[in-house]
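Notes follow the structure.
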Amino acid sequence: MATSALARQPAAGADPSTLFSAALSLLHVRMPLRHDATHCGTIVGADGNPVFVVDMNRERPDAEVTDIAELLLLAINVHAGYLPEGGRADG
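Numbering-wise (full-length UniProt numbering), the sequence shown opens with residue 1 and increments by one.
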C-alpha cells in the first residue's frame with residue numbers, strides 16, 4: 001500500500017513532498033488537486049478524476065463547504081510541493 005511508505009521514517013535527504021507526491025501517484029492521483037466548481041465540495045485531480053468529496057451528505061452550507069475544501073486543497077497541494085496560484089477568485 002502506498003501509505004505504508006509514509007508511515008516509516010524517510011531515508012536521510014528524502015524530501016517529504018516528493019514522498020507524498022510519489023504515494024499519491026501510486027494511487028493514480030494526479031497533482032495538483034482542484035475544487036470542481038460545478039460540484040461544491042468535490043475535489044478532483046489534475047486529470048479531472050474525483051479524489052474526495054467534502055460534506056457528501058450536504059449538511060453544511062455551500063460557503064462552509066467551499067472554505068473547508070479550499071483549506072484542504074491548500075494543505076494537500078502545498079505539502080505535495082505545489083504553491084498556490086493566488087487568492088480565491090471571490091476575494
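From the three backbone atoms N, C-alpha and C, an ideal C-beta is built for every residue, glycine too.
Check: Taking VAL54 as the reference, which of HIS28, LEU27 and GLU70 has the closest Cα?; Outcome: GLU70
Check: With distance defined between alpha-carbon atoms, name the residue in SER17, HIS39 and HIS79 nearest to MET56.; Outcome: HIS39
Check: Mark THR66 as exposed unless 16 or more other C-beta atoms lie within 10 angstroms of its C-beta, in which case mark it buried.; Outcome: buried
Check: For ARG88, does the count of other Cβ atoms within 10 angstroms reach 16, so buried, or fall short, so exposed?; Outcome: For ARG88, the pLDDT reaches just 42, beneath the cut-off of 50, and the residue's location in the model is therefore unreliable, although a value from the coordinates is still provided. Exposed: under 16 other Cβ atoms inside 10 Å.
Check: Short check: CB of GLY45 to CB of LEU27, under 7 angstroms?; Outcome: no
Check: In this structure, does DSSP put HIS35 in helix, strand or coil?; Outcome: strand
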